[in-house]
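Residue numbers (UniProt numbering): 1 to 116. Even glycine gets a Cβ: it sits at the ideal position worked out from N, Cα and C. All values reported here derive from a predicted model rather than from experimental measurement.
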Amino acid sequence: MPQETIFSKIIRREIPADIVYQDELVTAFRDISPQAPTHILIIPNRLIPTVNDVSPTDEQALGRLFVAAAKIAKAQGIDTDGYRLIVNCNQHGGQEVFHLHMHLLGGKQLGAMLAK
């Protein structure tokens with residue numbers, strides 16, 4: 001069984017977070033160290049450590065990440081101007097918390113995808 005993360009405690013509301021969306025499959029909350037005016041993390045409620053650990057049984061929850069992202073972007077008023085969705089995997093991908101999560105970033109021009 002994967003090691004529980006801080007995100008698991010946020011899902012269960014055991015520690016405070018600015019939760020902007022939650023349903024039976026996913027939870028979304030504001031990043032505590034935002035990299036853009038809007039920076040929200042969207043996570044599956046079931047602990048999946050990395051993209052490498054995804055299985056066919058996760059398809060509904062992972063699809064819900066995108067549905068939730070579109071709803072949240074609209075609610076945040078960034079859907080028309082645009083936004084970026086990022087999923088990092090493991091150390092070289094920049095993953096810091098090993099509970100798969102999608103970053104929703106927007107509210108300004110975000111620039112290049114990678115630093116040169």
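{"Asked": "Residue range of the beta strand (DSSP E) that includes Gly106", "Found": "Met102 to Gly106"}
{"Asked": "Backbone CA spacing between Phe7 and His99 [nearest angstrom]", "Found": "7 Å"}
{"Asked": "Those residues which DSSP pairs with Arg12 across a bridge", "Found": "Paired residues: none, contrary to the question."}
{"Asked": "Alpha-carbon to alpha-carbon, Leu62 and Ile42", "Found": "10 Å"}
{"Asked": "Cβ pair Ile72, Val20 closer than 8 Å", "Found": "yes"}
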